[in-house]
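>
Protein chains in written order, with the numbering used here: chain R, 2 to 93; chain L, 21 to 223.
Shown next as structure tokens:
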């Protein structure tokens with residue numbers, strides 16, 4: 002049991018769960034009025050990008066993968082969130 | 021003797037050899053092509069959602085207010101926890117610890133199965149209150165994207181059952197099959213993390 006708790010994967014999970022709660026609290030607090038809020042949107046999208054890459058890197062084991070897989074998955078996260086934030090800011 | 025007593029049986033490590041210079045592709049390469057293709061397809065939906073949201077912020081913000089953020093957040097933690105146990109189970113299978121691998125995949129299956137159940141608790145009250153895909157563009161995107169994701173979850177749960185069968189009945193479990201199934205399940209998790217931010221959290 003102690004080995005499971007000390008496993009690096011469990012530590013990654015604890016971080017992911019913690020930032021999920023933080024994201025929800027940001028949306029509940031700053032976004033309670035359900036009005037456009039660039040701070041809330043930027044924060045939750047950046048947190049989602051980091052979470053997605055943490056899952057890809059640690060759980061999907063891309064950290065041990067060849068460079069083409071690291072580049073493709075990293076490019077997807079970077080490209081997607083750049084586009085999402087660009088479309089969001091362009092529409093304001 | 022000790023190994024047998026502890027349920028440690030060597031699996032067939034038919035995954036690609038771990039060359040430190042070239043790296044190791046977890047599971048079957050064809051699954052990675054599928055995963056990357058799926059990520060790109062969902063990426064197009066996500067960007068499309070953001071484009072149409074930009075055309076009518078007010079409608080999307082008002083519609084978003086009617087979603088159940090609590091269930092969305094709990095479901096996110098359910099999928100993350102399921103993914104953790106899949107990763108831990110894969111690690112155990114690779115180490116030849118079949119008992120630990122089986123336990124961890126059963127736990128992963130339980131957390132994964134909680135996702136569609138909670139989704140029903142979310143969808144049914146929404147549909148009963150008249151929120152359907154025809155209500156407006158936000159709810160069309162909401163039901164289509166979460167519905168397609170739910171189909172992926174269902175397929176992932178079936179794959180996990182096959183992994184459990186492979187671990188339970190094979191004399192020498194195929195590690196690459198375990199890795200391939202795990203890769204798919206983690207992709208389902210990644211897609212939900214983006215959906216959760218877009219549909220429930222952003223303002």
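Beta carbons: idealized from backbone N, C-alpha and C, even for Gly.
The structure displayed is predicted, hence computed values, not measured ones.
Within 8 Å of any Cβ in chain L, is that where the Cβ of residue 61 of chain R sits?
Yes, because at least one Cβ of chain L sits closer than 8 Å to the Cβ of residue 61 of chain R.
> Enumerate in chain order the residues of its own chain whose CB-to-CB distance from residue 53 of chain R is below 7 Å, with the five nearest sequence positions on each side excluded.
78, listed in sequence order.
> Give the interface partners of residue 3 of chain R over in chain L, defined as CB-CB distance under 9 Å, in chain order.
Near residue 3 of chain R there are no residues of chain L at all, since even the closest Cβ is about 14 Å away, more than 9 Å.
> Where in the segment 154-219 of chain L do unbroken runs of the beta strand (DSSP E), each at least 3 residues long, occur, reported from the N-terminal end onward?
Within the segment 154-219 of chain L, no complete beta strand (DSSP E) run reaches 3 residues.
> Going along chain L in order, which residues have a C-beta closer than 8 Å to the C-beta of residue 41 of chain R?
Within chain L, the residues near residue 41 of chain R are 221, 222 and 223.
> Going by other Cβ atoms of all chains shown within 10 Å of its Cβ, with 16 needed for buried, is residue 90 of chain R buried or exposed?
Label assigned to residue 90 of chain R: exposed.
> Identify whether residue 43 of chain L lies in helix, strand or coil by the three-state DSSP scheme.
Residue 43 of chain L falls in the strand class under three-state DSSP.
> To the nearest angstrom, how far is the alpha carbon of residue 89 of chain L from that of residue 139 of chain L?
If I take the Cα positions, the gap works out to 12 Å.
> One question on the structure: do residue 199 of chain L and residue 101 of chain L come within less than 8 Å of each other, judged by their Cβ atoms?
Not in contact: residue 199 of chain L and residue 101 of chain L (Cβ atoms no closer than 8 Å).
> Give the interface partners of residue 7 of chain L over in chain R, defined as CB-CB distance under 8 Å, in chain order.
For chain L, the structure presents residues 21 to 223; residue 7 of chain L sits outside this window and is missing.
> Rounded to the nearest angstrom, what separates residue 175 of chain L and residue 86 of chain R at their Cα positions?
Approximately 31 Å, taken between the alpha carbons.
> Closer than 8 Å is the cut-off here; do at least three beta carbon pairs connect the segment 119-135 of chain L with the segment 180-190 of chain L?
Yes, the segment 119-135 of chain L touches the segment 180-190 of chain L.
> Alpha carbon to alpha carbon, how far is residue 167 of chain L from residue 173 of chain L? Give it in angstroms, no decimals.
Roughly 10 Å between the two C-alpha positions.
> Leaving out the 5 sequence neighbours to the left and right, which residues in its chain are closer than 8 Å to residue 206 of chain L when beta-carbon positions are compared?
Closer than 8 Å at Cβ, skipping near neighbours: 103, 106 and 107.
> Which of the three DSSP states, helix, strand or coil, is assigned to residue 95 of chain L?
Here residue 95 of chain L sits in helix by DSSP.
> Using only the alpha-carbon positions, how far apart do residue 65 of chain R and residue 44 of chain L sit?
Taking the straight line from one Cα to the other gives about 6 Å.
> By the 7 Å beta-carbon criterion, what residues does the segment 196-212 of chain L contribute toward chain R?
Result list: 203, 206, 209 and 210.
> Can you list the residues of chain L that residue 11 of chain R reaches, using a CB-CB cut of under 9 Å?
In chain order: 104 and 108.
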